[in-house]
Each structure stands twice: as structure tokens, then as C-alpha cells.
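**Q** In the working numbering, the protein residues as written are 238 to 560. We treat Cβ as the ideally placed atom computed from N, Cα and C, and that holds for glycine.
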Amino acid sequence: MKLIGLILFITTLLISCQETHNEPFDLMTIPENWVRLTENDGNLIVYNSCDAGNLLLSISNSDKKQELLLHGQQEDYDFTISNSRKLNDTVFIDAKWKGTDDKQSFKFIWTDKESGLGRWITAYSNGFTSDNIFVISEKQNNFERVDQPCRECWGDECDEIENDTEQTDNLEIPVIGSFELSKMKMDSLNKYGAGDCWGTIRRYSLPNVGLAIDSMTCGEYGFTYTYYLLSDKDFIQLVYTKKSESILDPETSSYYYVQEEQVIDFNADPAISMTKIDTLTDYKLREMPINKDFSTENLKDKQTTYEHFEMEYKGTWEMEIDY
């Protein structure tokens, strides 16, 4: 009996030691970038809300330090990792809020490594626990992407985008010319945005010319509509921009609206910039053209200006609904 009892004691001790043994863990052995998944009718989807985007998680090396970043929504949370270890199937990560001594701990568990699925868990000081399934960014396209309609967050303000681009068949753009969108082929479309600002860019084409319309609205804060006249190789020839920005007058505690229209003609020799600016007090008149003549001047730095608009144009196609 003593021998049996000793064997049971040693077996229990060995199992207990195995269960509580912590091993150092190198976080660089797991993928760096993760996208949160949301359960919908029993399926996992990539869900982008119209007011907060979607939660992303990244692990990186910076100045010989490992960092964990939660981003993709309205605020980014940055943590400096001090230690990581593994117990059975769970990775424990000790970290601090970057630039502070406030501690934050994370747990990571592979749920389906072959499919790139993992569970990330952290509990905040206010009592809230974040416990979500993520997929590595390279495999996010294996899951349906659902973008919450803009109207569910911002109501009628979202109509500014649709009214400007979808309901206008005969489009008259100052200096650039007239276009019948119904007779033009729409090659591509991209929707983007986060927080208060949301936009849509579309590219239309005719045999020898392209037209891109980028419409971004920030609700009551303003809007920016940009029209690009393009060559068949996507070189920018002319740009027309129409902007409205709301400004609070501290003396009257009321808003007024700064309106601006600008045309940049890269085809002219020399290239020219045409501008007109006005102010309004009536919110409903923001969409109206400015009833003034353009002020024209030669473009001072054609190349720099072109590169700026080229970067804006190409960058908008890369933006997503979570930035």
C-alpha cells in the first residue's frame, strides 16, 4: 500500500509540475498582424462598423523592444511588451501602456492554426474584458466582409455622397467639362472612412479619357469632393476640388461655412491654379456653386503639386473603412 501511495504521489507531482511549467515564448514565432472576426448567425465575418471600424492587432519590434498595437478604430492603444511565456496552449504576455508604468496583460491561444485563427484576451482596469477571435491578416479574405451602412450611424448626412455621385447623370464640372455618367463605364469603386468621415471613390472611363470622383463627407463638419480628369494611362490632367468646412464663431456660438473651389490644370502651359472662396451662414446652401469668378495664377511648383494629387488619388484606392 505504501508503494502504491508513493507511486500515486509521484505521478500527481509530475502531472502538476507539467501543468504549471512556464516556458519563455518568442512572440515573433506567431504572425504579426491580426484582424478581429465577429460572429453573425453562427458564422465568423470581418465586420466593419460605420462609426468605429474594426479592431486590428499588430506585434512589432521597435528600437529593440517588442510592442503590441490595438488599432483600426477611433483610438490606437500602444503597449510595450516586457515578457512573454507559454503555459500549455496559452501564451501569456506582460506589457505596459506605452510611456507609462500602467500594466496590461494579454493572453493568446491558437483556436485553429491551419485557418489562421487565434483568440486574444485582455482585461482592462475598468472591469471590461476583451475576448475575441482574430484571423491573421493574410487569411482575412477567407471570411465574408460586411460593412455596416453609413446611414445606420449618420443618417441623412450619408446622402451627400450618394447625391453627388450616383443621382447625377449629367455632370457639369467647371473648366473640365460635361459628362453623362450613364454613358461611361464604371471601372472600379472603393469605399473608405472611419470616425466622422466617410467617402467613396469611383473611376469611369471613355475610350481616351478617365474620370475619377472622390466624394468624402464628414457630416456637419464639412465635405470634400475631388474630380480627376485622367488620361487612358491614369495620368492626372486636371483636378477640380469643391470643399466646405464648418467653423464655430465663438462670439455668436453659431456656425458659418467656408466654401472653396479650385481647378488645377496640368495641361496648360504653364500649368495654372484657379481658385474661388466664399463664406455662408446657411447650412442648406453648402452644395451650391460659389457665385464668383475664379482667380487665376500660374502654378508655382507643378511637379510638387502633381505628386501631391497623385499620392492623394492612389492613396484613396488603398484606404479601407476601418481608417
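Using only the alpha-carbon positions, how far apart do W554 and T463 sit?
**A** To locate residue 554, count along the sequence shown from 1; it is residue 317. To locate residue 463, count along the sequence shown from 1; it is residue 226. Looking at the two C-alpha atoms, the distance is approximately 13 Å.
**Q** Using C-beta distances below 6 Å, list every residue in its chain close to I410, excluding the 5 sequence neighbours before and after it, in chain order.
**A** Here the question's residue 410 lines up with position 173 in the sequence shown. Correct list, in chain order: Y464, Y477.
**Q** Rounded to whole angstroms, what's the CA-CA distance from W347 to I330? Just pull it up for me.
**A** In the sequence shown, the residue the question calls residue 347 occupies position 110. In the sequence shown, the residue the question calls residue 330 occupies position 93. Taking the straight line joining both Cα atoms gives about 14 Å.
**Q** Would you report the Cα separation of I267 and L354, rounded to the nearest angstrom?
**A** Your numbering for residue 267 matches position 30 in the sequence shown. Your numbering for residue 354 matches position 117 in the sequence shown. Whole-angstrom Cα-Cα distance: 11 Å.
**Q** Scan the region 488 to 538 and note each continuous beta strand (DSSP E) run of 3 residues or more that stays entirely inside, going in chain order.
**A** The region 488 to 538 contains these whole beta strand (DSSP E) runs: 491 to 502, 509 to 517, 532 to 535.
**Q** Which residues in the same chain have their Cβ closer than 6 Å to the Cβ of I501, if we skip the five residues on either side of it in sequence?
**A** Counting from 1 along the sequence shown, the entry for residue 501 is found at position 264. So the list reads V476, S510, once near-sequence residues are dropped.
**Q** On a Cα-Cα basis, can you pick out the residue from E375, F416, L307, E381 that is closest to T359?
**A** As a working note, residue 359 is residue 122 in the sequence shown. It is L307.
**Q** Quick one: measure Cβ to Cβ for A203 and I438, integer angstroms, because I've assumed they're closer than 8 Å.
**A** Nothing about residue 203 can be read from this structure; the chain reaches only from 238 to 560.
**Q** Span of the beta strand (DSSP E) holding Y429?
**A** Taking the sequence shown and counting its residues from 1, one reaches residue 429 at position 192. Unbroken beta strand (DSSP E) run through Y429: 422 to 431.
**Q** Could you please give me the residues that DSSP links to F343 through a beta bridge?
**A** Counted from its first residue, the sequence shown places residue 343 at position 106. Beta-bridge pairing links F343 to I330, T359.
**Q** Quick one: is D424 buried, meaning 16 or more other Cβ sit within 10 Å of its Cβ, or exposed?
**A** As a working mapping, residue 424 is identified with position 187 in the sequence shown. Its Cβ having fewer than 16 others within 10 Å, D424 is exposed.
**Q** Since Q474 is in the beta strand (DSSP E), which residue starts that stretch and which ends it?
**A** Indexing the sequence shown from 1 puts residue 474 at position 237. Start and end: 473 to 486.
**Q** When you compare only the Cα positions, how much space is there between R322 and D368?
**A** On the sequence shown, position 85 is the one that residue 322 refers to. On the sequence shown, position 131 is the one that residue 368 refers to. Going by the C-alpha atoms only, they are around 19 Å apart.
**Q** Assuming Y550 contacts I473 under a Cβ cut-off of 8 Å, what Cβ separation, rounded to an integer in Å, is found between them?
**A** Mapped onto the sequence shown, residue 550 falls at position 313. Mapped onto the sequence shown, residue 473 falls at position 236. Contact holds; Cβ gap of about 7 Å.
**Q** Classify G456 as helix, strand or coil using the three-state DSSP reduction.
**A** Counting from one through the sequence shown, the residue named residue 456 turns up at place 219. DSSP places G456 in helix when its eight states are reduced to three.
**Q** Could you tell me which of M548, Y441, N298 sits nearest to M421, measuring between CA atoms?
**A** Here the question's residue 421 lines up with position 184 in the sequence shown. Among M548, Y441, N298, the Cα nearest to that of M421 is on Y441.
**Q** Suppose contacts are defined by Cβ-Cβ distances below 9 Å. Is Q377 in contact with Y284 by that definition?
**A** Indexing the sequence shown from 1 puts residue 377 at position 140. Indexing the sequence shown from 1 puts residue 284 at position 47. No, they are not a contact pair.
**Q** How would you write the range of the beta strand (DSSP E) that L274 sits in, first residue to last?
**A** Within the sequence shown, the letter at position 37 stands for residue 274. Counting along the chain, L274 falls outside any beta strand (DSSP E), and DSSP gives it neither H nor E.
**Q** Indicate whether A508 and T541 have their beta-carbon atoms separated by less than 9 Å.
**A** Within the sequence shown, the letter at position 271 stands for residue 508. Within the sequence shown, the letter at position 304 stands for residue 541. Going by C-beta atoms, A508 is not nearer than 9 Å to T541.
**Q** If you follow the beta strand (DSSP E) that L316 is part of, which residue opens it and which one closes it?
**A** Counting from 1 along the sequence shown, the entry for residue 316 is found at position 79. It should be pointed out that residue 316 corresponds to Phe in this sequence rather than to Leu. Looking at the DSSP string, the run of the beta strand (DSSP E) that includes F316 is 314 to 324.
**Q** Taking only beta-carbon positions, decide if F503 is within less than 9 Å of chain B.
**A** Absent from the structure is chain B; it holds one protein chain and no more.
**Q** Is it buried or exposed for E498, if we count other Cβ within 10 angstroms and need 16 for buried?
**A** Within the sequence shown, the letter at position 261 stands for residue 498. Classification for E498: buried.
**Q** Using DSSP with H/G/I as helix, E/B as strand and the rest coil, what is S352?
**A** For the purposes of this step, residue 352 is identified with residue 115 of the sequence shown, where counting begins at 1. The answer is coil: DSSP assigns S352 none of H, G, I, E or B.
**Q** Identify the residues that DSSP records as bridge partners of G290: which are they?
**A** Here residue 290 is taken as the residue at index 53 of the sequence shown, counted from 1. Bridge partners of G290: S286.
**Q** State the DSSP-derived secondary structure class of N379, mapped to helix, strand or coil.
**A** Walking along the sequence shown from the start, residue 379 turns up at place 142. In this structure, N379 counts as helix in the three-state DSSP scheme.
**Q** So which of L517, V272, V412, L418 has the shortest CA-CA distance to S295?
**A** Locating residue 295 in the sequence shown gives position 58, where the first residue counts as 1. Looking at the Cα atoms, V272 is the closest of the given residues.
**Q** In the DSSP assignment, what are the bridge partners of F620?
**A** Residue coverage of the chain in this structure runs from 238 to 560, which leaves residue 620 outside it and unanswerable.
**Q** So F371 and L274 are in contact, right, with Cβ under 8 Å, and what is the actual spacing, rounded?
**A** Counting from 1 along the sequence shown, the entry for residue 371 is found at position 134. Counting from 1 along the sequence shown, the entry for residue 274 is found at position 37. Indeed they touch by this definition, with Cβ atoms about 6 Å apart.
**Q** Could you give the first and the last residue of the continuous beta strand (DSSP E) run that contains L443?
**A** Position 206 of the sequence shown holds residue 443. Residues 434 to 443.
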